[in-house]
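Here my numbering is used: the first residue of the sequence shown is 1, the next is one more, and so on.
Using N, Cα and C, we set each Cβ at its ideal position, and we do this for glycine too.
Here the structure is a predicted model, which is why all the values come from computation and not from measurement.
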Amino acid sequence: MLRLLLSIALMIGGAYGILVGLVYLGQERLMYMPTSTLVTTPGQHGMDYEDVHMTARDGVRLHGWYIPAPDPRGVLLFFHGNAGNISHRMESIRIFRDLGLSVFITDYRGYGESEGRPGEAGIRKDARAAWNHLREERGIPAHEIVIFGRSLGAAVAAELAARKQPGAVILESAFTSAADLGAEVYPFLPIRSLLRHRYEVRGVLAEVRSPLLIAHSRHDEIVSFDHARRLMDAAHDAAVLLEMEGGHNDGFLRTGARYIHGLDTFLENHLSAARSAP
1 MLRLLLSIAL MIGGAYGILV GLVYLGQERL MYMPTSTLVT TPGQHGMDYE DVHMTARDGV
61 RLHGWYIPAP DPRGVLLFFH GNAGNISHRM ESIRIFRDLG LSVFITDYRG YGESEGRPGE
121 AGIRKDARAA WNHLREERGI PAHEIVIFGR SLGAAVAAEL AARKQPGAVI LESAFTSAAD
181 LGAEVYPFLP IRSLLRHRYE VRGVLAEVRS PLLIAHSRHD EIVSFDHARR LMDAAHDAAV
241 LLEMEGGHND GFLRTGARYI HGLDTFLENH LSAARSAP
């Protein structure tokens, strides 16, 4: 009997070790879910746009769209989530454009028509390339740029905003860190030891001095609302919380007019003031 129990324990331990190894080696596939085909364009939705091609510091060629708004009050630098590509964000592009923001949305490396393979260090370079395009190629003043990120994109946005000083920052459906989220989703695995892609959001928020709005749904089934609470605790005192309805991927749509009003009020209070400052 002892020998049988020992054999079973060894089998379970071996299977668990294999699972841990597979997660460690395959974590990029779990974290990044890019698609290469663009399913639509802003032009097909009645919006003028420009194809933008730029190069990150390590030579990776990136693709994005610049969608101008008539008489814009600023420019939104849009970082999307971990799945799909820029062509799956048309509803959000429309919302922000209707709010009077030109939109610059780019695909990370490995997504859409951008070259390379996704990874945290590379995606940070992609974010800086997008910022530099707005500042250097288009001459957009920093105080007229709103950095926006949803889900994984919120981590990208927070890190960039901590290094730069944009006119405003919007983090939607954000997690405190990839390790925190992974530990919640896979409590039976030593995620904090396995994870190579950290995406610390809470850790960098203290360095974000720009006006900040955190939007999150209490019913988010992927990133719990507790992440928003902890991010608000880490943010500066003037940070604003916009509570949404719905799930992780449709909260902004389910919240509807209240979401749009919350964004508009935040932009009016902060972006407009920044533009008018001497």
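Under 8 Å between the Cβ atoms of residue i and residue j?
{"i": "E91", "j": "H197", "result": "no"}
{"i": "G167", "j": "V146", "result": "yes"}
{"i": "E144", "j": "V75", "result": "yes"}
{"i": "A238", "j": "M232", "result": "no"}
{"i": "E172", "j": "R124", "result": "no"}
{"i": "A155", "j": "Y199", "result": "yes"}
{"i": "L205", "j": "A235", "result": "yes"}
{"i": "F79", "j": "F104", "result": "no"}
{"i": "Y259", "j": "F252", "result": "yes"}
{"i": "P211", "j": "H248", "result": "no"}
{"i": "D264", "j": "L99", "result": "yes"}
{"i": "T343", "j": "A129", "result": "Nothing about residue 343 can be reported from this structure: the residues present for the chain run from 1 to 278 only."}
{"i": "Y32", "j": "G84", "result": "no"}
{"i": "L101", "j": "A69", "result": "yes"}
{"i": "R209", "j": "Q165", "result": "yes"}
What number of angstroms, rounded off, separates the C-alpha of residue i from the C-alpha of residue j?
{"i": "L181", "j": "D220", "result": "13 Å"}
{"i": "Y49", "j": "P42", "result": "6 Å"}
{"i": "Q44", "j": "G112", "result": "17 Å"}
{"i": "H63", "j": "D51", "result": "7 Å"}
{"i": "I214", "j": "T106", "result": "21 Å"}
{"i": "L134", "j": "R150", "result": "20 Å"}
{"i": "F175", "j": "A228", "result": "7 Å"}
{"i": "R192", "j": "A178", "result": "9 Å"}
{"i": "G153", "j": "L194", "result": "22 Å"}
{"i": "A257", "j": "F188", "result": "40 Å"}
{"i": "R138", "j": "W131", "result": "10 Å"}
{"i": "P118", "j": "G262", "result": "32 Å"}
{"i": "A183", "j": "V223", "result": "12 Å"}
{"i": "R57", "j": "P72", "result": "29 Å"}
{"i": "E136", "j": "G81", "result": "26 Å"}
On the DSSP bridge assignment, give the partners of residue i in chain order.
{"i": "V146", "result": "L76 and A168"}
{"i": "T55", "result": "R61"}
{"i": "L101", "result": "G74"}
{"i": "G84", "result": "P34"}
{"i": "L241", "result": "I214"}
{"i": "I67", "result": "V103"}
{"i": "E200", "result": "S177"}
Where does residue i fall in DSSP's three states?
{"i": "I140", "result": "coil"}
{"i": "G122", "result": "helix"}
{"i": "I260", "result": "helix"}
{"i": "S276", "result": "Note that S276 has pLDDT 47, beneath the 50 cutoff, so the model's placement of it is unreliable and no number is given."}
{"i": "S177", "result": "strand"}
{"i": "E50", "result": "strand"}
{"i": "I93", "result": "helix"}
{"i": "D226", "result": "helix"}
{"i": "G153", "result": "helix"}
{"i": "H133", "result": "helix"}
{"i": "H270", "result": "helix"}
{"i": "I40", "result": "At residue 40 the sequence reads Thr, which differs from the Ile that was named. Looking at T40 - three-state DSSP - the assignment turns out to be coil, as it is neither helix nor strand."}
{"i": "L189", "result": "coil"}
{"i": "L253", "result": "helix"}
{"i": "R163", "result": "helix"}
{"i": "D220", "result": "coil"}
{"i": "E28", "result": "helix"}
{"i": "E207", "result": "coil"}
With burial defined as no fewer than 16 other Cβ atoms inside 10 Å of the residue's Cβ, what is the status of residue i: buried or exposed?
{"i": "D126", "result": "buried"}
{"i": "S87", "result": "buried"}
{"i": "E207", "result": "exposed"}
{"i": "G46", "result": "exposed"}
{"i": "R97", "result": "buried"}
{"i": "V39", "result": "exposed"}
{"i": "T37", "result": "exposed"}
{"i": "H216", "result": "buried"}
{"i": "V185", "result": "exposed"}
{"i": "M244", "result": "buried"}
{"i": "R89", "result": "buried"}
Return yes when the C-beta of residue i is under 7 Å from any heavy atom of the ligand PLP, and no when it is not.
{"i": "I95", "result": "Only the bare structure without any ligand can be found here, which leaves the ligand PLP out of the picture."}
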